[in-house]
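The structure appears below as structure tokens.
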Amino acid sequence: IKSINEQHDAVTAKLLSYEELLSAKNDELAKLKKESGQAKARLAELQSEGETLSILRAQEPQASLTPPPSLPSSSRSPGGVLSLDQLSRNLESKDSEKKKAPEEVVDENLFYCPKCNKSFTELRPLEGHVNRCLDED
Numbered sequence: 011i012k013s014i015n016e017q018h019d020a021v022t023a024k025l026l027s028y029e030e031l032l033s034a035k036n037d038e039l040a041k042l043k044k045e046s047g048q049a050k051a052r053l054a055e056l057q058s059e060g061e062t063l064s065i066l067r068a069q070e071p072q073a074s075l076t077p078p079p080s081l082p083s084s085s086r087s088p089g090g091v092l093s094l095d096q097l098s099r100n101l102e103s104k105d106s107e108k109k110k111a112p113e114e115v116v117d118e119n120l121f122y123c124p125k126c127n128k129s130f131t132e133l134r135p136l137e138g139h140v141n142r143c144l145d146e147d
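Here it is in structure tokens:
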């Protein structure tokens, strides 16, 4: 009888363990179903917005891109309209021109006159120069 009771208790303990596991899995499944429903609703909403956006884009008049007057006439297409590729090339050439321009180098070890931009290595001579430079006016 003792061994039957021990077996019964062991089986009952396993059964309770399985019931807890099943309950946790059911809770997890319910949570996943809820999230799936929310995801489907959001997807439908985004698809609707995408369709609306497509309709609006189709209804917009197509704007023509006219080149700036500074752009050489050889870059213009027959109707005076530039393609996106032509605009990109124009911007790239402007950027490269800016990079070629000499940059002003400022030495942080020097002091500069705010009026004439003359440089000094020491502060005292700069003070005297600035006073004389300002007095000249």
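Just so you know, we're using the working numbering here: the sequence shown kicks off at 11 and counts up by one.
From the three backbone atoms N, C-alpha and C, an ideal C-beta is built for every residue, glycine too.
Point to revise | Proximity test, L66 beta-carbon vs the ligand FAD heavy atom, cut-off 7 Å | key: The ligand FAD is not part of this structure, which contains no ligands at all.
Check your understanding: Where does L136 land, buried or exposed, given buried means 16+ other C-beta within 10 angstroms?
Key -> With 16 or more other Cβ atoms within 10 Å, it is buried.
Check your understanding: When the Cα atoms are used, what is the spatial distance from V140 to C126?
Key -> 9 Å
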